[in-house]
Every structure is written in structure tokens, then in C-alpha cells.
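Below is one structure, written out as C-alpha cells; comments come after it.
Residue numbers (this note's numbering), protein chains in the order written: chain A, 108 to 225; chain B, 7 to 118.
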């Protein structure tokens, strides 16, 4: 089946530094990718929707200057957490919509990335 | 505003005890309803996509159905390895902008 690869799966960074998380669709093209944040025992919280070749659309309350999203190709989107602080520690998950065959393609998720800011 | 409500929040079943999970939704312009399974500390795993009322899909012990207002995920003779959180999501199209809304999930525990 379709696979979305997310890297790294776990990362620890120092407060004030930036960290980049990659999301790749391995066997399909994804014009649209989504980035979520998930807190323990809670559901997914949509952070932003990224469309290939254009600016991401951020959800209300999400700082676009802090969470930089780039979707430069049909198979890769990146999320960069800039000037990370301990409160940014969370589980970040990406998903990609399989747009190869239809606009309403199925959405597949990556394995998630655990970010710990110390 | 699109809304997705899943019930129950948690469900505990004996192995072999069949049951159903519910996903009720209110959206404008449904463009797909998705079911996922999520294990702790992992990303959601895709199960089914349903597009229109009356559609059904099956995979092993799982069967998903869709009406105009809700979807059910039926679990037949569950096993302990079916224990997970099951997420429902709907995609809608409003003004040319597609949006995906998730429910809060049903945490299923199957006891041997």
C-alpha cells in the first residue's frame, strides 16, 4: 500500500535551536500534505496544510514564523520548528493525499516524529 | 463548521465479542470519510475510505459502512491485537478549499 515516510522518528534538540522534520510520499505524488501535532491521549491537531509550489495554509493559533513549512516537490514536505522551546516538545505527524489518480485521493500518514526540546 | 463526533470514547470488549464504533458527522460537501487505526506513539494507519452513502468496505475483521449522517466501524470477533484507538476523519469541500476534520477517536481494548 501507499507509504508516507517521516524522518527523524525521534529528535532531541537544545532550546533555541531549530529542527527540521521531513515527510515523503514514497510511491505516490502528493500535491497536498498536512502537518499535525498530537498531545498525549489527545486527537490530532491540524497545524497547516501545504500545497506543492505554494505557501502553506496555517490553522488559527499556529505561528507561521515558528513552524516553517516547505513543500518544494510532489513527494516532499518539511516542517522546521524554529527557535524551539520545551513547550514545543510533542509528537508531530504528517499526512499526504494521494493525488495521483483523483483529487479526492486517500490520505496516508507518516509514522510521526517525537520532538523533545531540552 | 464541520463536526465529527466519535462514540463511545472508550470500549472494552472480550475477545470474540463483536461490536460497532460510531462516527457521526456534519459537513458541507462531503468528499470522503476515512477510518484509521492508531497505536500508541505511532502515526495513524489507514483502514478505509468511503465516499458515498450506502458504501461498505471490509478488511479482515473490520467492516465500515456509511450513511448521510454517520459511519460505523463494525468489528467482528475481535482479537487482542485489534486493541488501538480508531480515528474517523471527514474531508469536505467548502468554497473550493478542502478541509479534513478528525474525531477524537474511540479507544478499543480487547481482553483475552
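All C-beta atoms, glycine included, are put in the ideal place defined by N, C-alpha and C.
Comparing alpha-carbon positions, which option in the options lies nearest residue i?
| i | options | result |
| --- | --- | --- |
| residue 137(A) | 110(A), 169(A) and 116(A) | 110(A) |
| residue 70(B) | 93(B), 48(B), 87(B) and 50(B) | 93(B) |
| residue 8(B) | 115(B), 109(B) and 117(B) | 109(B) |
| residue 46(B) | 40(B), 13(B) and 88(B) | 88(B) |
| residue 157(A) | 145(A), 120(A), 174(A) and 148(A) | 174(A) |
| residue 118(A) | 133(A), 170(A), 150(A) and 191(A) | 191(A) |
| residue 205(A) | 217(A), 196(A) and 194(A) | 217(A) |
| residue 177(A) | 224(A), 142(A) and 219(A) | 142(A) |
| residue 221(A) | 194(A), 133(A) and 139(A) | 194(A) |
| residue 77(B) | 106(B), 85(B) and 38(B) | 38(B) |
| residue 133(A) | 203(A), 225(A) and 163(A) | 203(A) |
| residue 147(A) | 121(A), 198(A) and 186(A) | 198(A) |
| residue 85(B) | 36(B), 17(B) and 118(B) | 118(B) |
| residue 224(A) | 189(A), 161(A), 159(A) and 153(A) | 189(A) |
Can you give me the C-alpha to C-alpha distance between residue i and residue j, rounded to a whole angstrom?
| i | j | result |
| --- | --- | --- |
| residue 113(B) | residue 90(B) | 6 Å |
| residue 167(A) | residue 135(A) | 29 Å |
| residue 32(B) | residue 56(B) | 15 Å |
| residue 11(B) | residue 171(A) | 29 Å |
| residue 64(B) | residue 41(B) | 12 Å |
| residue 15(B) | residue 155(A) | 26 Å |
| residue 214(A) | residue 22(B) | 31 Å |
| residue 131(A) | residue 48(B) | 16 Å |
| residue 13(B) | residue 29(B) | 7 Å |
| residue 34(B) | residue 144(A) | 25 Å |
| residue 20(B) | residue 67(B) | 15 Å |
| residue 58(B) | residue 120(A) | 45 Å |
| residue 26(B) | residue 153(A) | 27 Å |
| residue 62(B) | residue 122(A) | 49 Å |
DSSP puts residue i in a beta bridge; with which residues?
| i | result |
| --- | --- |
| residue 133(A) | DSSP, once it has assigned bridges, lists no residue as partnering residue 133(A). |
| residue 143(A) | 153(A) and 200(A) |
| residue 98(B) | 36(B) and 105(B) |
| residue 89(B) | Its beta-bridge partners do not exist; DSSP assigns none. |
Using C-beta distances below 8 Å, list every residue in its chain close to residue i, excluding the 5 sequence neighbours before and after it, in chain order.
| i | result |
| --- | --- |
| residue 43(B) | 50, 51, 53, 90, 91, 92 and 93 |
| residue 196(A) | 222, 223 and 224 |
| residue 60(B) | 72 and 73 |
Going by beta carbon distance, what residues of the same chain come within less than 6 Å of residue i, once the five residues before and after it are set aside?
| i | result |
| --- | --- |
| residue 107(B) | 8, 10 and 96 |
| residue 18(B) | 115 |
| residue 151(A) | 143 and 145 |
| residue 82(B) | 24 and 67 |
If I measure Cβ to Cβ from residue i and keep anything under 7 Å in the same chain, skipping five residues before and after, which residues do I get?
| i | result |
| --- | --- |
| residue 79(B) | 26, 27, 41, 68, 70 and 92 |
| residue 36(B) | 96 and 98 |
Item to check | Three CB pairs or more closer than 8 Å across the stretch 115–126 of chain A and the stretch 176–183 of chain A | outcome: In short, these stretches do not touch, since the Cβ pair count stays below three.
Item to check | Selection of the stretch 149–165 of chain A by Cβ proximity to chain E, strictly under 9 Å | outcome: Included in the structure are the protein chains A and B, with no chain E among them.
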